Amino acid sequence: MQEHAATPRILVAEDEILAALAIEDELLGEGYAVEVAADGQAALEAARRRMPDLLLTDLRMPRLDGIGLIRALRGMAPLLPVVVMTGYVPSDGAAAFRQDGEGPVALFSKPVDMDALILELRRLLPLVG
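Per my numbering: the sequence shown = residues 3 to 131.
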């Protein structure tokens, strides 16, 4: 796993603005630094400026979908932990995303259970300090 600053940074790629704001609020309340991107292309641009410690992404988004985003970011940071949240769960589940890198992948169906999501984030990216 990557080295983390005192406050782990999570990049949230979600085109449903109300869902993105709710997730951002929850993660900020847990002590994470959060950047929200409205689609995959905006998330890719944000990651190029500063690579996050974890990607939390939807699959179906405009401009660049979640799979394309995961592939692009794994090309830059193969061990990047990824959490996918989607209304469309692939038949082979999270295994569909592991082929593009070695970092952990967790998969959540929408609507996302925030308590379960927070537990998974703590497992993948413990808070430091």
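Quick reminder that beta carbons are idealized off the backbone N, C-alpha and C, glycines included. These figures come from a predicted structure and were not determined experimentally.
Residue i - partner residues in DSSP beta bridges
i      : result
Ala-45 : DSSP, once it has assigned bridges, lists no residue as partnering Ala-45.
Met-87 : Phe-110
Ala-35 : Arg-11
Distance between residue j and residue i (C-alpha atoms, nearest Å)
i       : j       : result
Glu-47  : Met-78  : 12 Å
Phe-114 : Gly-68  : Looking at the sequence shown, residue 114 is not Phe but Val. Roughly 16 Å between the two C-alpha positions.
Ala-88  : Leu-109 : It is worth fixing the name first, because residue 88 is Thr in this sequence and not Ala. Approximately 8 Å, taken between the alpha carbons.
Ala-15  : Val-84  : 11 Å
Arg-65  : Gly-33  : 30 Å
Residue i, enclosing beta strand (DSSP E) - first and last residue
i      : result
Ala-15 : 11-15
Arg-8  : The amino acid occupying residue 8 in the given sequence is Ala; Arg does not appear at that position. Note, Ala-8: premise wrong, no beta strand (DSSP E); not H, not E.
Leu-71 : From DSSP, Leu-71 is part of no beta strand (DSSP E) but of the alpha helix (DSSP H) over 68-78.
Leu-56 : 56-59
Residue i - containing alpha helix (DSSP H), residue span
i       : result
Ala-118 : 116-126
Glu-26  : 19-31
Burial state of residue i (16 or more Cβ within 10 Å)
i      : result
Gly-42 : buried
Leu-75 : buried
Closer than 8 Å to chain B by CB, residue i
i       : result
Leu-109 : Among the chains in the structure shown there is no chain B, since it carries only a single protein chain.
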